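Residue numbers (my numbering), protein chains in the order written: chain A, 9 to 301; chain B, 4 to 389.
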């Protein structure tokens, strides 16, 4: 794993956005070659989305040949409810960029047959050739997407009942009224995000790939996430802290701010801070589509 | 053509780089239009999976709902109360000329006239949608003749009337068929006025109190009978008195039907009302303020702008900017509130999804740069033309 530690939230958001930008441009997406991105919601990635929008508005980055797959969506919340993840993605990302609406995939929490919706989502990911870069966050209880403590580490996209921790954490978005918070959600599984099989010889395959996720980037900021980060990377792989599953993915990056490292060993933090000059080569120079890429 | 089967196939227009008036605030948002209506872009993205067919950069300007003038007696040499042979052309001329002032809908107003005039003129001014030809006609505003002699103002005394025993029949005999009528201004202290107010309200016609010596109690009773508007507040009514505020007291009366909002027209040219008085009214009841011109045929002859020596009020054509109230408030007084008065707030006076795409492009001084009706550009300032 790479543990990339930045001083504060804004710098962490910027580093993450630069990383995404560079990976997309380096891939040279085109008509027959789409870059697939897995995307999160919540307060953590907001800064990252803002930076990506800025790169787009300045002409450096286009999402024309990018396909996106969001990790989750509430069940039973109307699509245009201000707290639905559809609304979140529209307001915070899609409406500001040039992505083709046909390529922006989000689970439909109001589908007549929820499991069929989940299966169809898995199929769409497969048809897209797998995810090139899955961007995720971590809950205070160490969950990735809505894979609550106790979720199978080889789970696939499915319906989940939310843990009380998550419902409490979400209450602030629903006027503090617990009864208004959705209790169920559709979510990609840990296995869906992890899905790494045999690695292709070339880092960026040009033709149809086996269904794998090439890179995973987890964004973790804030002191309230520090304990979860500790559990995720300094303890063992454990289904109670589902993000820990990424210890077994060949290419995972954790991007965090100082506060998120508060529960880690000094040794861990020093080691990875010492590697920042290596990590920074991934984002510096920052590529631009204006450079004839 | 608005909506209908053609809507889904119609072009999607996206106005970008602008601030739009929505929910009482100026937001940095794009305005999307299709089939003559304001479109919900999120719905378009997720359900239809479509993007805009055309983008128009608004240069950072303000997009506000088109202005609605509910009291305008004519302009540019046209007098709506004249029973000419071709009333339609006169209305059309005014409708076209007011586009440059950002007015997209209006109520041609007739002052006190003899019945022959109403019988001749009223049928010639039907409700009409706006477009490149001019602002839309929402219906007529008949101001008088059932008003107070004492407060007739400029209305001709000879043609004033009161209600006899068969009050509503009197009104019908005077005006003729009411199909094209939207607002009637009358004085509630006239005998039998309540049955008239009730009957007009039942027919969906807005009753306004004006040119009256009614005290507050009489005015409140009139509101209970259905009145919802006050014609040019302060003018042609008893002055506010601390022991009997008269009609003006409706702004803060606690004896009105629950949930009912009383609207009041203000001619904000700084002459009809002292700006300080205007501000008192606005602070007492900001939700009810409706800006009107009460323009006369002389409007637009010469220089269309009204600039005043007083610093507090600046007027540009049919828009008044009241210092001390926000830009958003002023814009709503010229668009949303008149729409609410007429019960049209779902389709007019708003940039909410589904509303008619009647809007104006304004610079930061609230000068009209362009006017759109049903999403179509119907007027543009010289400087803005390419």
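We treat Cβ as the ideally placed atom computed from N, Cα and C, and that holds for glycine.
Small disclaimer: the values here were computed from a predicted structure and weren't measured.
Tell whether a beta-carbon distance below 7 Å holds between residue i and residue j.
| i | j | result |
| --- | --- | --- |
| residue 15 of chain B | residue 56 of chain B | yes |
| residue 291 of chain B | residue 265 of chain B | yes |
| residue 25 of chain B | residue 339 of chain B | no |
| residue 352 of chain B | residue 68 of chain B | yes |
| residue 112 of chain B | residue 76 of chain B | yes |
| residue 142 of chain A | residue 201 of chain A | yes |
| residue 103 of chain B | residue 139 of chain B | no |
| residue 169 of chain B | residue 143 of chain B | no |
| residue 109 of chain A | residue 48 of chain B | yes |
| residue 173 of chain B | residue 218 of chain B | no |
| residue 58 of chain B | residue 19 of chain B | yes |
| residue 93 of chain B | residue 81 of chain B | yes |
| residue 153 of chain A | residue 80 of chain A | yes |
| residue 250 of chain A | residue 151 of chain A | yes |
| residue 166 of chain B | residue 193 of chain B | yes |
Is there a C-beta anywhere in chain A that falls below 7 Å from the one on residue i?
| i | result |
| --- | --- |
| residue 48 of chain B | yes |
| residue 13 of chain B | no |
| residue 58 of chain B | no |
| residue 52 of chain B | yes |
| residue 45 of chain B | yes |
| residue 23 of chain B | no |
| residue 378 of chain B | no |
| residue 306 of chain B | In this prediction, residue 306 of chain B has a pLDDT of 35, which is less than 50 and means its spatial position is unreliable; what the coordinates show is noted afterwards. Closer than 7 Å: no. |
Quick one: grab the DSSP three-state call for residue i.
| i | result |
| --- | --- |
| residue 209 of chain B | strand |
| residue 60 of chain B | strand |
| residue 298 of chain B | strand |
| residue 246 of chain A | strand |
| residue 369 of chain B | coil |
| residue 348 of chain B | coil |
| residue 233 of chain A | helix |
| residue 97 of chain A | helix |
| residue 328 of chain B | coil |
| residue 81 of chain A | strand |
| residue 379 of chain B | strand |
| residue 308 of chain B | Below a pLDDT of 50, predicted positions are generally treated as unreliable, and residue 308 of chain B, at 38, falls in that range; the measurement from the model is reported next regardless. Here residue 308 of chain B sits in coil by DSSP. |
| residue 269 of chain A | helix |
| residue 259 of chain A | coil |
| residue 356 of chain B | coil |
| residue 362 of chain B | strand |
| residue 87 of chain A | coil |
| residue 297 of chain A | helix |
| residue 336 of chain B | helix |
For chain B, find out if any of its Cβ atoms is closer than 7 Å to the Cβ of residue i; answer yes or no.
| i | result |
| --- | --- |
| residue 23 of chain A | no |
| residue 110 of chain A | yes |
| residue 98 of chain A | yes |
| residue 94 of chain A | yes |
| residue 213 of chain A | Confidence in residue 213 of chain A is poor, its pLDDT being 45 and thus under 50, which makes the residue's placement unreliable; the coordinate value appears in the next sentence. No - not a single Cβ of chain B is within 7 Å of the one on residue 213 of chain A. |
Could you tell me whether any Cβ in chain C is nearer than 7 Å to the Cβ of residue i?
| i | result |
| --- | --- |
| residue 342 of chain B | This model lacks chain C altogether, as its protein chains are A and B. |
Given 8 Å, three or more beta-carbon pairs between the region 87-98 of chain B and the region 45-57 of chain B: no
Minimum length 4: unbroken alpha helix (DSSP H) runs contained in the region 101-127 of chain B: 118-124
Any 3 or more C-beta pairs closer than 8 Å across the region 22-34 of chain A and the region 241-258 of chain A: no
Segments assigned alpha helix (DSSP H), at least 4 residues, entirely inside the region 136-216 of chain A: 172-178, 198-202
Cβ contact (3+ pairs, closer than 8 Å) linking the region 265-272 of chain A and the region 233-241 of chain A: Yes: the two stretches touch, three or more of their Cβ pairs being nearer than 8 Å.
The region 212-226 of chain B / the region 147-158 of chain B touching (three or more Cβ pairs under 8 Å): yes
Those runs of the alpha helix (DSSP H) which lie wholly inside the region 39-76 of chain A and span at least 4 residues: 54-65
Every unbroken beta strand (DSSP E) within the region 131-193 of chain B, with a cutoff of 3 residues, ordered by chain: 143-146, 184-189
Inter-stretch contact (C-beta, 8 Å, three-pair minimum) for the region 36-54 of chain A and the region 139-147 of chain A: yes
3 or more residues per run - each beta strand (DSSP E) lying fully within the region 10-93 of chain B: 15-19, 22-25, 28-30, 34-37, 57-60, 65-68, 70-75
Cβ contact check for the region 63-83 of chain A and the region 30-45 of chain B: 3 or more pairs under 8 Å: no
Ordered list of alpha helix (DSSP H) runs contained in the region 222-293 of chain B, each at least 4 residues: Listed in chain order, the complete alpha helix (DSSP H) runs (minimum 4 residues) inside the region 222-293 of chain B are 278-287.
Three CB pairs or more closer than 8 Å across the region 171-186 of chain A and the region 102-112 of chain A: no
Cβ pair count under 8 Å reaching 3, the region 173-181 of chain B against the region 121-135 of chain B: yes
Stretch pair the region 88-99 of chain A + the region 127-139 of chain A: three plus CB contacts closer than 8 Å: no
Contact between the region 148-168 of chain A and the region 106-125 of chain A (3+ Cβ pairs under 8 Å): Yes, the region 148-168 of chain A is in contact with the region 106-125 of chain A.
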